[in-house]
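Participant: Taking my numbering, the leading residue of the sequence shown gets 1, the next gets one more, and so forth. Each residue gets a CB set at the ideal place from its N, CA and C atoms; glycine is no exception. Have a look at this one before I ask anything.
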Amino acid sequence: MGFAVAGAVFAFLSVAFGAFGAHALKDRISADMLSVFHTGDQYQMYHALALLAVGILLRIGVGGRMMHISGWLFSIGIILFSGSLYLLSMTGVKALGAITPIGGVCFLAGWIFFIIGLA
């Protein structure tokens, strides 16, 4: 699966998770935890769109290996950052919060490789 397809899938899931949070979770978890869930969803959508850009740029021959690395880091970041926030908000298991910064570092590194790929 290419990065553009992965981005589209992650974007679709972001919309689905957003609807789930707004409708199914709003009365089941605290406002603070709903905000945590929403943060995960926002960052998932931002980086799903970034993955679409990576896929398009690779298809037109821009970025090469650096863009591939960026795409993988964005994907891993979505899973670790957003995934940990979704689970934290729904389970209340605070230890999951330790995973979130790892995903955040993947996002940051992904943007660095994206910039290098464009340079």
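Just the Cα atoms here: how many angstroms apart are Ile-24 and Phe-107?
Facilitator: Note that residue 24 corresponds to Ala in the displayed sequence, not to Ile. Near 28 Å, if we compare the C-alpha coordinates of Phe-107 and Ala-24.
Participant: Taking contact to mean at least 3 C-beta pairs separated by less than 8 Å, is the stretch 68–88 in contact with the stretch 42–50?
Facilitator: Yes: the two stretches touch, three or more of their Cβ pairs being nearer than 8 Å.
Participant: Are the stretch 53–64 and the stretch 90–101 touching, with three or more C-beta to C-beta distances below 8 Å?
Facilitator: With a cut-off of 8 Å, the stretch 90–101 and the stretch 53–64 do not count as touching, because too few Cβ pairs lie within range.
Participant: Counting along the chain, where does the alpha helix (DSSP H) carrying Ile-137 start and finish?
Facilitator: What is shown of the chain runs 1 to 119, which leaves residue 137 out entirely.
Participant: Sort Leu-118, Ile-76 and Trp-72 by Cα distance to Val-62 and report the nearest one.
Facilitator: Residue Leu-118 is the option with its Cα nearest to Val-62.
Participant: Restricting to Cα atoms, I'd like to know which of Leu-73, Leu-49, Phe-113 and Val-15 is closest to Ala-4.
Facilitator: It is Leu-49.
Participant: Using three-state DSSP, classify Ile-76 as helix, strand or coil.
Facilitator: Three-state DSSP puts Ile-76 in a helix.
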